[in-house]
Amino acid sequence: MILRGHPQEPRDTKQVDSHSQTEVTSDADGYARIGDTAVFRGHFAQIHIDAARFSTDDFNPFHDPIKWRRIAGNPFTGPLVLGFQYEALIENLLLHLPNRVADEAFAAEQALTWTHYEFTFASPLTPGERFEASVRAGRYKRAPAPAIAHRVLIRAMGHPVLLGFVRRTSESPGLPVPDHVPFTHPLRQAPDRLTRNEWFLKRKFASTGHAKNFLAGSLANPADWFDELEGRVNFPDLFAPALLSCALLEQAHASGHDFFNAPLVYAAHRISVHGPTARALRSNEPMHLLVRAPKPMLGKAGLSGHEARISSLGLIYSGQEDRLLAQAEVQLAPLAVLLRDS
């Protein structure tokens with residue numbers, strides 16, 4: 001993550017993308033299609049941050065309009081946009097791709113039931129800072145294993161904010177598999193906020209209201225996902241994984257972590273979501289969030305070339321049947337290391 005002392009000047013929202021000279025379509029909400037790319041240009045306000053953090057119970061002081069000032073050595077000039085807000089905006093941009101119908105047809109033909117979100121956080125955004133988010137058209141692959149891959153990018157003036165890929169495959173996650181998870185099924189029989197060894201269980205319940213607020217806070221139109229009159233109930237892939245922040249925060253708080261004097265920031269997310277399970281999620285269904293306490297990433301270079309990152313694993317099960325909805329690896333880095341190496 002790049003440390004910046006002052007926000008950049010706002011980007012001209014009418015600038016033509018460097019990859020194309022023609023905007024195919026655009027609307028007043030900041031969304032546009034430029035060639036084969038879906039683009040959003042705009043900014044987050046504090047009300048968007050509040051909607052996202054309240055709907056996911058994220059109490060990280062980095063996002064609080066008052067508490068961010070109490071973080072020791074904080075170089076940022078205001079509250080930070082949530083990482084999951086970026087990611088939900090990226091997921092929403094997939095709906096705006098010109099070739100979306102063809103993508104869905106190929107995914108159905110090839111049984112691409114898993115979607116893998118691979119994101120690296122490069123620098124933060126603060127309220128009012130203009131940015132551009134883009135998702136490129138998917139690249140199809142049939143052999144040796146079928147897949148669709150989209151390159152994604154969020155950038156502010158002169159610097160990247162988030163980089164990564166969204167891949168759809170028929171394969172289960174390629175993420176690290178826990179050796180042993182000390183919880184037995186059915187998970188509904190375990191009490192909420194249960195700690196066993198290095199694992200923590202947090203229980204949430206699906207809520208269309210919370211999902212709508214999360215989408216609105218992520219600059220997405222909730223009506224694209226939910227419409228009571230049309231009978232549309234479609235929880236986004238990344239709504240349930242966004243709740244992992246709450247689980248990690250509660251686990252850290254229970255262990256005595258000092259959020260103000262030992263702050264951590266996201267470095268990268270690797271999230272795999274099982275599409276049919278996410279689409280089947282309904283309001284009031286239980287979601288069981290299992291998170292493993294962060295561990296040093298031995299043998300892997302962290303930020304600025306140093307072995308500074310720590311990694312936590314997350315598993316999300318939904319419904320009475322404990323269906324695996326998502327698996328995630330969350331990589332974090334101590335702010336003190338970023339300050340030392342900047």
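Residue numbers for the sequence shown follow the numbering used here, beginning at 1 and rising by one.
Every residue, glycine too, gets a C-beta built ideally from N, C-alpha and C.
Sheet register partners of Phe407 (DSSP bridge): Summary: the structure shown does not reach residue 407, with the chain confined to residues 1 through 342, and so no result is reported for it.
Per-residue DSSP class, three states only, for Ala45: coil
Rounded distance between the beta-carbons of Pro61 and Gln46, thought under 8 angstroms: In fact, because the Cβ distance is near 14 angstroms, the residues do not count as touching under 8 angstroms.
Whether Ala133 touches Leu89 by CB criterion (7 angstroms): yes
Beta strand (DSSP E) segment containing Lys141, residue limits: Arg139 to Lys141
Proximity winner among Arg136, Ile148, Thr120 and Glu129, relative to Ala156 (alpha-carbon distances): Glu129
C-alpha gap between Ala326 and Pro236, whole angstroms: 12 angstroms
The segment 107 to 119 contacting the segment 272 to 284, beta-carbon criterion three pairs below 8 angstroms: yes
Gly174 classed as buried or exposed, judged by whether at least 16 other C-beta atoms fall within 10 angstroms: exposed
Closest Cα partner of Tyr240 within the set Leu95, Arg232, Arg309 and Ser283: According to the sequence shown, residue 240 is Ala rather than Tyr. The candidate whose alpha carbon is nearest that of Ala240 is Ser283.
Identity of the residues DSSP links to Phe131 by a beta bridge: Gly42 and Ala156
Secondary structure of Gln331, DSSP reduced to three states: strand
Touch test, the segment 210 to 225 against the segment 50 to 57, Cβ-Cβ under 8 angstroms, three pairs minimum: yes
Sequence-distant residues of its chain with Cβ nearer than 7 angstroms to Arg151 (five each side left out): Arg136 and Phe165
Touching by the beta-carbon criterion (3+ pairs, under 8 angstroms), the segment 193 to 208 and the segment 244 to 252: yes
In chain order, each alpha helix (DSSP H) run of at least 4 residues that lies wholly inside the segment 231 to 284: 239 to 242, 244 to 254 and 275 to 280
Whole-Å CB distance - Ala52 paired with Gly217, under 8 angstroms assumed: 3 angstroms
Counted within 10 angstroms of its Cβ, other Cβ atoms place Val291 as buried (16 or more) or exposed: buried
Bridge partners - His185, DSSP secondary structure assignment: His185 is not bridged to any residue.
Bounding residues of the beta strand (DSSP E) (the contiguous stretch that carries Leu194): Leu194 to Arg196
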